[in-house]
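Chains as they are written, first to last, in our numbering: chain X, 20 to 524; chain V, 20 to 524.
Number of protein chains: 2
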Amino acid sequence: MEESIKLEWEKFSKYLLKMSGYLEAISLLHWDLRTGAPRKGVEVRSGTLGMLSGELFRLETSEEMGAFTELFSRPEVMEQLSSVQNKIVKDCRKEYERSKSIPAERYEEYSKLSAHAQTIWEEAKENNDFASFEPFLSQIVAFKQEFIDYWGVKNTRYDTLLDMYEPDLTVTEVDAIFSRLRNRLVPLVEAISASPNKPDTSFLQQIFDKEQQQKFSLFILGQMGYDFEAGRLDESVHPFATGLSPGDVRITTHYLQDNLPSAVFSSLHEGGHALYEQNVSPDLVGTVLAGGTSMGIHESQSRLWENMIGRSLPFWERYYGDLQQHFPEQLANVELVDFYRAINSVGNSFIRTESDELTYNLHIIVRYEIEKLIFNEGLSVQELPEVWNAKYQQYLGITPPSDQLGVLQDVHWSGGDFGYFASYSLGNMYAAQMMHTLRKEMPELDELIAAGNLLPIKEWLTEKIHRHGRALTPAEIILEVTGEPLNPDYLADYLEAKYTELYKL
Amino acid sequence: MEESIKLEWEKFSKYLLKMSGYLEAISLLHWDLRTGAPRKGVEVRSGTLGMLSGELFRLETSEEMGAFTELFSRPEVMEQLSSVQNKIVKDCRKEYERSKSIPAERYEEYSKLSAHAQTIWEEAKENNDFASFEPFLSQIVAFKQEFIDYWGVKNTRYDTLLDMYEPDLTVTEVDAIFSRLRNRLVPLVEAISASPNKPDTSFLQQIFDKEQQQKFSLFILGQMGYDFEAGRLDESVHPFATGLSPGDVRITTHYLQDNLPSAVFSSLHEGGHALYEQNVSPDLVGTVLAGGTSMGIHESQSRLWENMIGRSLPFWERYYGDLQQHFPEQLANVELVDFYRAINSVGNSFIRTESDELTYNLHIIVRYEIEKLIFNEGLSVQELPEVWNAKYQQYLGITPPSDQLGVLQDVHWSGGDFGYFASYSLGNMYAAQMMHTLRKEMPELDELIAAGNLLPIKEWLTEKIHRHGRALTPAEIILEVTGEPLNPDYLADYLEAKYTELYKL
């Protein structure tokens with residue numbers, strides 16, 4: 020590398036490190052808000068979050084960033100850079116071009132609004148009061164519409180949002196993938212509904228001590244290989260994972276007395292996210308590549324642990340005894356196979372996060388379609404509860420009795436995360452395709468799981484996915500790991516096989 | 020106010036708000052490090068803290084800040100500003116001028132040195148090895164001597180340092196105050212040593228359940244009027260209070276199985292600090308005035324609650340029953356008066372932080388006199404252990420058997436905090452003087468305390484002290500509240516009366 024380029028790259032590295040410092044501070048301020056910050060500090064905190072996000076935004080869009088990325092994008096310079104360096108430049112350039120179109124004060128205002136709106140949403144959900152949330156959500160949508168114009172409409176307005184979470188994937192592609200998936204899942208769900216072999220879930224309707232739930236969560240996270248010296252487990256209303264740096268990746272879960280599976284599978288889910296962030300290669304720390312490459316790939320890691328491992332029979336062959344020891348009164352007389360069937364019970368529930376891994380995809384399709392309506396067809400926020408309920412009736416055969424169990428259930432929109440939901444279902448599809456490869460490369464997989472030997476799985480995922488961080492794109496990852504592009508049939512195959520057996524179809 | 024000045028002030032307010040946002044983020048990052056941040060994230064976190072502190076420093080010393088404060092310091096502008104606005108400008112200008120005077124590269128070198136020296140000090144303390152720390156401390160002193168020249172010598176060189184923590188107080192004044200205090204306390208300590216009426220403290224040498232200690236801490240903080248919707252209580256190795264904003268003032272304590280008083284009085288102490296920060300007037304939020312006016316006045320608030328209320332007989336007349344209920348096994352057979360005497364036991368300990376409220380002041384006077392010798396008389400760092408031990412013998416009648424129990428015990432000097440120690444004793448004096456006034460204005464004070472009616476005390480302190488934040492100077496506060504300048508006799512009177520009775524002198 021030329022000496023002058025080397026010196027510029029050193030300056031650029033320091034600049035990136037500064038950005039990553041802002042991101043760490045912002046993430047901690049958010050984490051703190053969700054895990055126990057005092058109520059009366061929220062207003063000032065919102066301002067601080069807005070200010071710091073504004074500063075980060077300024078760094079992402081500064082003339083200095085423009086000059087750095089312009090220099091490093093010149094063909095004669097690019098060929099002197101490593102592939103990781105080129106990916107850093109490419110991502111920064113994309114962000115720069117996307118963001119510099121938004122006036123800093125508009126972005127700051129938006130950040131303040133969305134921080135505030137999340138608190139409002141929490142209260143609105145608690146009080147089943149959509150009306151109090153609606154003006155905030157309307158403002159957020161208006162901001163997003165404004166931003167889409169700044170960013171530039173891709174194929175449709177909604178494509179622009181989708182691209183932020185799953186780079187390069189288009190509405191046309193997702194439409195095709197989702198319709199293929201829906202066409203295979205809907206008959207399966209109908210067959211299950213008609214099956215007389217329903218699992219007995221009555222034993223789950225007991226009181227499960229919260230402290231024991233916490234102990235079991237901590238135990239199972241340790242078994243997965245979650246590093247407690249590089250993270251911590253807390254409680255929050257809506258479980259989440261947040262990586263401040265690979266040495267500090269925090270997760271939350273929630274403990275509901277009357278819902279044991281919720282805490283267990285939330286912990287496995289967030290643990291899957293956390294393993295991804297904890298195992299990014301140290302070389303990438305302090306750059307923009309030290310995280311998951313897309314929301315979809317991120318979600319594949321959480322779903323793989325939550326469902327494909329965590330709801331498998333081999334997993335509970337090993338861990339059901341431990342669970343029984345945590346809840347002897349409730350589970351001593353419940354057989355393993357009955358437990359396994361119960362936690363895989365398919366039902367048309369109102370709440371996405373409490374739904375089974377099969378109908379889950381239908382919950383996502385509802386949200387995906389509604390978001391498309393908002394941004395491509397001008398659906399108003401006022402109409403959301405009605406449209407929401409109609410779609411639930413259409414796809415799941417149920418109508419939510421309240422907004423709390425309907426349109427108010429998810430945090431995402433309060434934070435402006437439109438375009439995000441599709442990632443959840445994409446994650447399921449990525450995960451099934453990865454599992455298919457893992458199983459080929461590790462034929463003794465079920466035996467390992469049944470022996471509680473989970474670390475080889477973690478290591479395989481680290482080697483194939485985690486360590487790369489954002490250095491590879493989602494399309495590159497899925498192609499390199501599995502040898503083919505995203506294919507919804509792996510998920511459909513997996514679900515058909517699993518549920519045909521479970522429901523004796 | 021002229022329109023152009025008004026507009027400039029609005030810009031300045033935004034600028035201050037930004038500074039205050041950085042401070043909130045820095046405070047939370049620190050709080051988090053001390054209350055449970057994962058070990059493996061510490062290195063990245065340190066970098067982030069350094070970066071954000073650097074950004075804040077840049078804001079404090081920018082040309083923009085220079086221009087703002089220059090404009091607002093013009094006589095024709097000053098007369099258009101409120102007294103609060105003028106105080107904001109004065110404080111910002113002082114900080115600006117002080118920081119600007121040091122060449123950036125010298126300050127950077129010093130920051131690196133002091134960060135390093137704190138680690139060296141930790142090891143030196145652990146290994147009882149002053150010699151390994153000495154060269155670092157010598158360099159820190161040399162830097163401080165250099166900085167004093169940059170900052171400008173006030174009356175004496177040490178005055179310049181003292182002023183950073185207790186604005187406007189001079190060495191001449193503190194000398195007079197401390198010598199007067201010392202002359203009254205030394206004979207009192209001697210009389211107590213000779214007294215045959217020593218309290219029995221043996222019942223404190225039991226095991227006290229940590230969870231019960233926590234419950235009692237929470238209870239007693241609630242009684243003081245600490246607002247849990249504007250704060251939270253956590254555990255850390257060294258107890259502290261930190262105000263992120265008046266709506267978010269957090270405290271920590273520590274629970275030691277074999278030391279009940281430590282948690283109880285740490286909670287009261289930090290609770291006293293927290294009441295101050297929680298009750299700053301909302302008008303001052305987001306300015307540089309939204310905190311305590313000096314280290315000494317801050318310490319007066321913690322000491323008042325910890326000692327003058329928390330170690331008083333009326334207080335335990337009300338709360339001892341509650342404490343007994345938390346620890347029936349350990350305290351059921353201990354009489355109130357014996358408990359009261361035990362928690363006020365005077366002993367000549369080597370360690371400042373473990374000393375009683377009487378000898379504590381002598382620990383401080385030793386440090387104050389040594390710091391003065393260093394900066395005004397050229398005492399070398401090599402001589403410190405010898406001088407330290409001689410002064411302990413002179414004032415406390417004991418000679419530390421090791422530097423670990425002597426000159427190496429405190430973190431302050433390793434971080435360059437010379438001039439800070441005096442504040443601790445000034446706090447005791449301010450507190451005693453305030454209590455004297457409070458007692459005059461509220462003659463039924465002891466009855467209120469004995470009835471657990473503590474809120475009138477909190478309200479009085481808020482009205483007289485807390486709400487002003489930094490809008491009044493320490494000298495203005497003590498004069499406005501008590502009608503006279505700081506007078507050490509109130510503390511001496513209080514201690515003489517209390518301990519004469521306790522030890523039947």
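Ideal Cβ placement from N, Cα and C applies to all residues, glycine included.
None of these values were measured; they are calculated from a predicted model.
With a threshold of 8 Å between beta-carbons, can residue 62(X) be considered close to chain V, or not?
Chain V contact via Cβ: present.
Three or more beta-carbon pairs under 8 Å between the segment 54-64 of chain X and the segment 258-276 of chain V, yes or no?
At 8 Å Cβ cutoff, the stretches touch.
For residue 172(X), the three-state DSSP class (helix, strand or coil):
In this structure, residue 172(X) counts as coil in the three-state DSSP scheme.
Closer than 8 Å by C-beta to residue 404(X): which residues in its own chain qualify, once you throw out the five before and the five after it? Chain order, please.
So the qualifying residues of the chain are 149, 422, 425, 426.
If we count the other Cβ atoms within 10 Å of its Cβ and call it buried at 16 or more, is residue 428(V) buried or exposed?
Classification of residue 428(V): buried, given that the 10 Å Cβ count is 16 or more.
Looking only at DSSP bridge pairs, what is residue 264(X) linked to?
In the DSSP output, where bridge partners are listed per residue, residue 264(X) has 267(X).
When the cut-off is 8 Å and only beta carbons count, does residue 56(V) lie next to chain X?
It does; some Cβ of chain X falls within 8 Å.
Just the Cα atoms here: how many angstroms apart are residue 229(V) and residue 251(X)?
Going by the C-alpha atoms only, they are around 22 Å apart.
Between residue 330(X) and residue 218(X), which are expected to be in contact by the criterion C-beta below 8 Å, what is the C-beta distance as a whole number of angstroms?
Contact flag wrong, Cβ pair sits at about 12 Å.
Report yes if the C-beta distance between residue 84(V) and residue 126(V) is below 8 Å; otherwise report no.
Taking 8 Å as the Cβ cut-off, residue 84(V) and residue 126(V) do not qualify as a contacting pair.
Which residues mark the beginning and the end of the alpha helix (DSSP H) in which residue 465(X) is found?
464-469 is the span of the alpha helix (DSSP H), which, as asked, contains residue 465(X).
Starting from the N-terminal side, write out each stretch of the alpha helix (DSSP H) that is 4 residues or longer and does not extend beyond the segment 330-365 of chain V.
Listed in chain order, they are 332-345, 347-350, 355-361.
Taking a contact to mean a Cβ-Cβ separation below 8 Å, would you say residue 507(V) touches residue 200(V) in this structure?
Yes.
Is the segment 309-327 of chain X in contact with the segment 343-362 of chain X, if contact means three or more CB pairs nearer than 8 Å?
Flag = no, the segment 309-327 of chain X and the segment 343-362 of chain X do not touch.
Cβ contact (3+ pairs, closer than 8 Å) linking the segment 272-291 of chain V and the segment 225-241 of chain V
Taking one beta carbon from each stretch, the segment 272-291 of chain V and the segment 225-241 of chain V have 3 or more pairs nearer than 8 Å; the two touch.
Test: residue 47(X) CB closer than 8 Å to a CB of chain V:
Yes, because at least one Cβ of chain V sits closer than 8 Å to the Cβ of residue 47(X).
Residues of chain V with CB under 9 Å from residue 266(X), in chain order?
Going along chain V in sequence order, the residues near residue 266(X) (Cβ under 9 Å) are 57, 58, 59, 60, 61, 62, 63, 64.
Residue burial classification, residue 93(X) (beta-carbon count within 10 angstroms, cutoff 16)
Label assigned to residue 93(X): exposed.
Return helix, strand or coil for residue 519(V), following the three-state DSSP convention.
If DSSP states are grouped into helix, strand and coil, residue 519(V) belongs with the helices.
Would you list the one or two residues that DSSP bridges to residue 326(V)?
Residue pairing by DSSP leaves residue 326(V) without any beta bridge partner.
Note down the Cα distance separating residue 295(V) from residue 208(V), rounded to an integer number of angstroms.
In this structure, the CA atom of residue 295(V) is about 32 Å from the CA atom of residue 208(V).
Neighbourhood of residue 242(X) by C-beta, 8 Å cutoff - its chain only, sequence neighbours within 5 removed
If the five residues before and after residue 242(X) are omitted, its C-beta is found closer than 8 Å to the C-beta atoms of 338, 471, 473, all from its own chain and listed in chain order.
Below 7 Å on C-beta distance, what does residue 67(V) contact in chain X?
Here the neighbours are 40, 43, 44.
The beta strand (DSSP E) spanning residue 254(V) covers which residue range?
In this chain, the beta strand (DSSP E) harbouring residue 254(V) covers 252-254.
Using a Cβ-Cβ cut-off of 8 Å (strictly less than) and excluding sequence neighbours within five positions of residue 328(V), which residues of its own chain qualify?
If the five residues before and after residue 328(V) are omitted, its C-beta is found closer than 8 Å to the C-beta atoms of 287, 334, 468, 473, 476, all from its own chain and listed in chain order.
Reduced DSSP category for residue 105(V) - H, G, I as helix; E, B as strand; rest coil
Helix.
Give me the Cβ distance between residue 163(X) and residue 340(X), rounded to the nearest whole Å; I'm assuming they're in contact under 8 Å.
The Cβ separation is near 49 Å, so there is no contact.
Proximal residues to residue 453(V) (C-beta, below 7 Å), its chain only, five neighbours per side dropped
Around residue 453(V): 319, 323, 500, 501.
What do you get for residue 305(X), buried or exposed, if any count of 16 or more other CB atoms within 10 angstroms of its CB means buried?
Buried is the call here.
Nearest-angstrom Cα distance between residue 107(V) and residue 24(X)?
Between residue 107(V) and residue 24(X), the C-alpha separation is close to 46 Å.
Going by DSSP in three states, residue 189(X) sits in which element: helix, strand or coil?
Residue state, collapsed to three classes: coil.
What is the residue span of the alpha helix (DSSP H) that residue 235(X) lies within?
That run of the alpha helix (DSSP H) goes 229-243.
Specify whether the segment 407-417 of chain V and the segment 375-386 of chain V touch according to this definition: at least 3 beta carbon pairs, one from each stretch, less than 8 Å apart.
Note that the segment 407-417 of chain V touches the segment 375-386 of chain V; at least 3 beta-carbon pairs, one per stretch, sit closer than 8 Å.
Considering residue 51(V), what are the terminal residues of the alpha helix (DSSP H) in which it resides?
Unbroken alpha helix (DSSP H) run through residue 51(V): 22-54.
Residue(s) in a DSSP beta bridge with residue 278(V):
Residue pairing for residue 278(V): DSSP places it in a beta bridge opposite 275(V).
Find the nearest neighbour of residue 336(X) within the set 466(X), 28(X), 368(X), 367(X), judged by alpha-carbon distance.
Selected option, being the one with the closest Cα: 466(X).
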